[in-house]
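S.K.:
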Ligand code: CP
Ligand code: NVA
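In the numbering used here, the protein residues as written are 211 to 541.
1) Ignoring anything shorter than 3 residues, give me the beta strand (DSSP E) runs that lie fully in the segment 223-305, in order along the chain.
2) How about residue 425 and residue 403: do their beta carbons lie closer than 8 Å?
3) Let me confirm a value: residue 292 is counted as buried when at least 16 other C-beta atoms fall within 10 Å, else exposed. Which label applies?
4) Ligand 1: which residues have Cβ under 7 Å from any of its heavy atoms, chain order?
5) Relative to the C-alpha of residue 447, which candidate in 501, 377, 218 has its C-alpha closest?
6) Relative to the alpha-carbon of residue 222, which residue among 429, 394, 343 has its alpha-carbon at the smallest distance?
7) Taking buried to mean at least 16 other C-beta atoms within 10 Å of its own C-beta, is residue 406 buried or exposed?
8) Is the segment 477-490 touching the segment 503-518, taking contact as three or more C-beta pairs under 8 Å?
9) For residue 358 and residue 242, I'd like the C-alpha separation in whole angstroms.
10) Thinking residue 285 and residue 315 are a contact (beta carbons under 8 Å), I'd like their distance in whole angstroms, please.
11) In terms of residue numbering, what span does the beta strand (DSSP E) encompassing residue 318 cover?
12) Is there a Cβ of chain C sitting closer than 8 Å to that of residue 344, yes or no?
13) May I ask you to verify whether the segment 500-511 touches the segment 458-473, counting CB pairs closer than 8 Å and requiring at least 3?
14) Whose C-beta lies closer than 7 Å to the C-beta of residue 522 among residues of the same chain, with five residues either side of it excluded?
15) Given a cut-off of 8 Å, decide if residue 538 and residue 212 are closer than it, judged by their beta-carbon atoms.
16) With DSSP run on the structure shown, which of helix, strand or coil describes residue 520?
17) Where does the unbroken beta strand (DSSP E) through residue 338 begin, and where does it stop?
18) Do residue 301 and residue 261 have their CB atoms nearer than 8 Å?
19) Residue 391 by DSSP, collapsed to three states: which one?
20) For the segment 523-533 and the segment 263-280, state whether three or more C-beta atom pairs, one from each stretch, are separated by less than 8 Å.
21) Are there any heavy atoms of ligand 2 lying less than 7 Å away from the beta-carbon of residue 441, as far as the coordinates show?
22) With respect to 7 Å, is the separation between the Cβ of residue 379 and the closest non-hydrogen atom of ligand 2 below this value?
23) Is residue 446 close to ligand 2? I mean its beta-carbon at under 7 Å from any heavy atom of the ligand.
24) Is it true that the CB of residue 420 sits closer than 8 Å to the CB of residue 396?
25) With H, G and I counted as helix, E and B as strand and the rest as coil, what does DSSP make of residue 478?
26) Taking all protein chains shown into account, decide if residue 305 is buried (16 or more other Cβ within 10 angstroms of its Cβ) or exposed.
27) I'd like to confirm the pairing. Which residues does DSSP put opposite residue 437 in its beta bridges?
28) Within 10 angstroms of its Cβ, does residue 346 collect 16 or more other Cβ (buried), or is it exposed?
29) What span of residues does the alpha helix (DSSP H) with residue 411 cover, start to end?
30) Mind reading off the beta-carbon distance from residue 458 to residue 401? Whole number of angstroms is fine, and I expect it under 8 Å.
31) Sort 231, 322, 399, 451 by Cα distance to residue 428 and report the nearest one.
32) Can you grab the Cα-Cα spacing for the pair residue 265 / residue 215, in whole Å?
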């Protein structure tokens, strides 16, 4: 059956079949080649989209904006400070209003229920730009980057997420790996193990796709990885957890030694970014003053030839463009 995603919201990869996910990845690769060839398109011409951000962003916001402009759409950006959203008006009413103006709505915030509520009430596709428990556009970019860096079929690849294995980025990677038959490992402390229902869901999907889903503290789990992935130790809204996280996650910092433990010289390093890989940000420096080294990865890895983090960041734009074109595009 040909894939048709017109009118669909993009809230979590759990809602999409393996074929639908592969369709978005292939579309993203085509759109990337088109952009590289200098071709500007009109696949979103005449469309108006609105970007709602209750948390801060560099990549996701810019990816949506540039992707929209490249294909001819108009963009409005709203955050909680400059709009009524959430304070004087419920998200349900906001959705009903914005659905009258716009062809698509992006939302970044806290509770997954909010993005689901928007989708249920807007009458137009809603795209999840990150919640506390998911970040589906990120996972598409990550797997596109893996595809660009391996000769193996994805079903023969192994991805190891190191650190806070129950955060939003870890979960969206678990979902996409399960759907595409990729061997997924969460390497981190038992205190931050993925929730049982998430593991159970992914293992159930894995029965169909061949994906193996593992997690644990054993360094042996790193062996044979094609991609090592990490994320910051305290996500947006979790600053107060830094002391506890540094204690729990320091053994899982991605160092040269951890990369070596994969026993794969071609293993790539991925990170959603932003990253604490040195002390050159005010956050990393001020935490260091307080006695906390919050680096989840060292420069030895972050700046190494194995690191594909900036290709990955670029791929945010191509994959987000694919999601918009697939769901509201003029094709
Ligand atoms: N990776 C990511 O979502 O980055 P931003 O927070 O900058 O959007
Ligand atoms: N886990 C991080 C991802 C940032 C893109 C956060 O939620 O802050």
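Here a beta-carbon is modelled for each residue, glycine too, at the ideal position from N, C-alpha and C.
M.R.: So, from the listed chains and residues:
1) 258-263, 284-289
2) yes
3) exposed
4) 266, 267, 268, 269, 270, 271, 340, 345, 348, 482, 483, 484, 526
5) 377
6) 343
7) exposed
8) yes
9) 12 Å
10) Contact doesn't hold; Cβ gap of about 11 Å is too wide.
11) 314-318
12) Among the chains of the structure shown, chain C does not appear; only one protein chain is present.
13) yes
14) 351, 352, 355, 480
15) no
16) helix
17) 336-338
18) no
19) coil
20) yes
21) yes
22) yes
23) yes
24) no
25) strand
26) buried
27) 369, 478
28) buried
29) 406-419
30) 6 Å
31) 399
32) 27 Å
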